[in-house]
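Have a look at the structure below before the remarks.
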Amino acid sequence: MSSDDHEDADEEVFHPLGEEWQDGLEAELEDTEYDAELGMEMAKDAMRVTKGELSEEEFHDRYHEDVMDEFGEDERPIKAGNADEDGRLESTLSRFGVDEESRRDVMKKMGGAGAVGFGAWGISNGGSDEPPAAALAEESTEGGEEEAGTQWGMALDLEHCDGCLSCVVACAEEHDWDQGANWMYILDYQDETTDGDESYRLIRPCQHCTDAPCEKVCPTTARHTRDSDGLVLTDYDVCIGCRYCQVACPYGVNYFQWDDPEVPESELDPDHVYDERGRPVSARGPRGVMEKCTFCPTRQDGSKGEEFIGRTACEDACPPEVIQFGDMNDPNSDPQRYIENTAKSRSLVRIATDLPDPQTIEENLEGNDQDLQSVVESVEDLDEETIAIVLAVAILGKGGEPEHGANETLAEQEAAVFDVVRALDENGLDLESQELLVELELAEDPGEDEEFQGSDEELAQEVLENFGGDPQSQFKLLEDIGTDPNVVYIGNQPGPEAHQVEGPVAYEDVDQTDVRKDVLDEKTFGPQGPSL
């Protein structure tokens with residue numbers, strides 16, 4: 001980094017995860033062959049860009065000469081600017097002349113502590129009960145504006161996460177990352193919001209930010225946002241392992257593959273490594289590159305089969321179904337449905353596997369009385385509470401078929417509920433009966449002098465909230481810094497004093513590692529590379 005251009009660089013704490021985290025990142029950069037001061041300053045200013053304090057053009061121009069001097073190339077994407085075309089040509093040629101393996105051999109190990117001071121993560125939209133505006137889908141107008149494309153993202157229900165670590169195990173098995181390089185991470189915490197020994201937990205994948213600071217500092221375009229679906233990925237063929245992206249990430253989700261991976265390349269399926277563009281962005285990275293959670297891009301491309309599009313390994317493995325993955329630009333997607341009406345979605349998840357099929361209902365009700373008590377006694381998997389819930393879902397959905405794309409689980413579960421309601425209706429249960437609706441608390445009793453008004457949507461919502469629970473908050477991590485993450489959290493927003501504690505299931509109990517430094521400290525580093 002040029003001391004003339006940046007001699008006034010200060011030592012202020014700019015990283016949201018705090019001074020200790022920032023100092024650790026700086027120490028790791030100093031152990032590489034790359035300019036640590038440049039990396040720290042670029043990371044700080046990249047976050048200023050997302051906050052709107054610095055323009056893309058100013059950011060690019062401020063560091064263009066330094067990046068060229070340090071890396072021999074500057075491929076950072078900008079909306080406009082004065083990137084040196086000769087420099088770009090030089091950088092392209094340099095890729096064929098630079099001995100990258102020798103670079104990587106002298107890189108020292110990454111500390112990679114698992115615990116972070118994550119209290120700042122809870123300070124976003126102030127714990128509003130309203131869905132974060134950035135998470136809501138934008139519909140095209142009649143004026144002919146182009147519809148928003150796909151943007152993969154997640155809704156994560158923190159109130160119902162049981163800390164089983166199934167998502168961590170599934171991610172490791174799907175992507176073959178080394179011990180401790182937790183692309184999916186569960187952090188249990190206590191703070192002023194918890195009672196006594198009770199703890200809450202935070203699920204931490206990559207946030208796949210719409211405006212990702214990690215992408216802004218990458219000199220080679222290895223870290224990039226995929227145009228087709230907004231996934232923030234790393235091209236392993238282009239990454240030089242400078243680790244600037246690690247410093248610029250506000251969420252602490254990046255890992256450096258400092259040793260030869262535990263799973264060799266020969267055991268990887270190429271269809272699980274290369275995406276539809278032919279770029280190696282999935283599975284664990286080779287030695288000397290950065291890696292992180294990818295949201296399973298080869299699944300989204302259909303490489304594993306159409307039935308896996310719109311699903312991730314962590315979502316498939318989650319027993320309580322608190323991970324909802326889908327298109328954040330589609331109001332009918334699983335995450336947007338979960339965000340819009342969490343109580344309804346939770347209720348669908350809880351009853352979905354226990355509902356009788358319509359044919360069973362028809363067979364069991366044939367020739368029997370059709371009052372509520374008789375129906376409950378005749379159909380084994382139906383009780384009054386379940387009937388109230390399915391009718392409440394139908395009332396709020398107005399009984400129509402839910403619109404949805406392929407592999408949208410919540411919509412499929414709602415459709416199954418509608419089938420049950422139709423089966424009850426067609427086999428004699430009067431679903432518009434005043435007595436039935438009042439008994440199930442889905443309508444007000446009008447009394448003797450008033451006319452019955454039928455089912456009530458507010459009461460239906462109340463039934464679902466009593467059953468599934470009504471979350472107290474929806475938030476995004478560090479939404480105030482402008483990264484526009486594509487992960488929305490439901491409930492249990494951490495306070496500023498949140499601190500990590502042990503979870504109900506230990507990482508070692510599922511053959512995983514909580515703190516990566518525990519693994520790395522068992523190894524030594526010499527001129528010829530790491531060894532046991």
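Those letters in the sequence shown? Residues 1 to 532, by full-length UniProt numbering. Where a beta carbon is used, it is the ideal one built from N, C-alpha and C, also for glycine. Quantities reported herein were computed from a predicted structural model and do not represent experimental measurements.
So what does DSSP say about residue i, is it helix, strand or coil?
i, result
"L424", "helix"
"E451", "coil"
"F295", "coil"
"H208", "coil"
"Y338", "helix"
"P213", "helix"
"P270", "helix"
"E139", "Reliability of the predicted coordinates at E139 is poor, the pLDDT of 41 falling under 50, and the value obtained from them is presented with this limitation in mind. In the structure shown, E139 sits in coil (DSSP, three-state: anything other than H, G, I, E or B)."
"R279", "coil"
"L202", "strand"
"I186", "strand"
"F467", "helix"
"G111", "Its pLDDT being 33, under 50, G111 is placed unreliably by the model, and the measurement read from it follows with that caveat. Residue state, collapsed to three classes: coil."
"Y251", "coil"
"F14", "coil"
"E439", "helix"
"D419", "helix"
"D86", "Because D86 sits at a pLDDT of 40, beneath the cut-off of 50, its placement in the model cannot be relied upon, and the following sentence gives the value as read from the coordinates. Helix, per DSSP."
"Q179", "coil"
"C245", "helix"
"V349", "helix"
"I481", "helix"
"A406", "coil"
"E33", "coil"
"L459", "helix"
Determine which residues share a DSSP beta bridge with residue i and list them.
i, result
"Q512", "In DSSP, Q512 forms no bridge with anything."
"Y489", "L156, F475"
"G326", "G153"
"T234", "R223"
"M290", "F256"
Measure the Cβ-Cβ separation of residue i and residue j and say whether it is below 8 angstroms.
i, j, result
"A313", "A170", "yes"
"G163", "V510", "no"
"L233", "V281", "yes"
"I490", "N427", "no"
"I481", "T50", "yes"
"A460", "Y338", "no"
"P471", "T342", "yes"
"W152", "F14", "no"
"V376", "L365", "no"
"residue 536", "A172", "The question about residue 536 has no answer, for the chain in this structure spans 1 to 532."
"L440", "A388", "yes"
"D227", "R279", "no"
"K292", "C218", "no"
"D327", "T150", "yes"
"Y189", "V501", "yes"
"C242", "N254", "no"
"A416", "A352", "yes"
"R350", "G469", "no"
"G285", "T513", "no"
"L38", "N492", "no"
"L202", "F295", "no"
"N332", "A148", "no"
"D31", "E70", "no"
"A392", "P402", "no"
Can you name the start and end residues of the beta strand (DSSP E) that residue i belongs to?
i, result
"H224", "223-225"
"H499", "499-501"
Closer than 7 angstroms to a non-hydrogen atom of the ligand SAM - does that hold for the CB of residue i?
i, result
"E57", "Judged by which ligands are present, the structure shown has none, so any question about the ligand SAM falls away."
Along the chain, where does the alpha helix (DSSP H) containing residue i start, and where does it finish?
i, result
"K304", "No alpha helix (DSSP H) contains K304, which DSSP labels as neither H nor E."
"C171", "166-175"
"R22", "Looking at the sequence shown, residue 22 is not Arg but Gln. 19-30 is the extent of the alpha helix (DSSP H) around Q22."
"E41", "36-51"
"C314", "313-317"
"D61", "56-71"
With a threshold of 8 angstroms between beta carbons, is residue i in contact with chain B?
i, result
"V501", "No chain B is present in this structure, which holds just one protein chain."
*In chain order, which alpha helix (DSSP H) runs of at least 4 residues are fully inside the stretch 357-401?*
Here the runs fully enclosed are 358-365, 372-378, 384-397.
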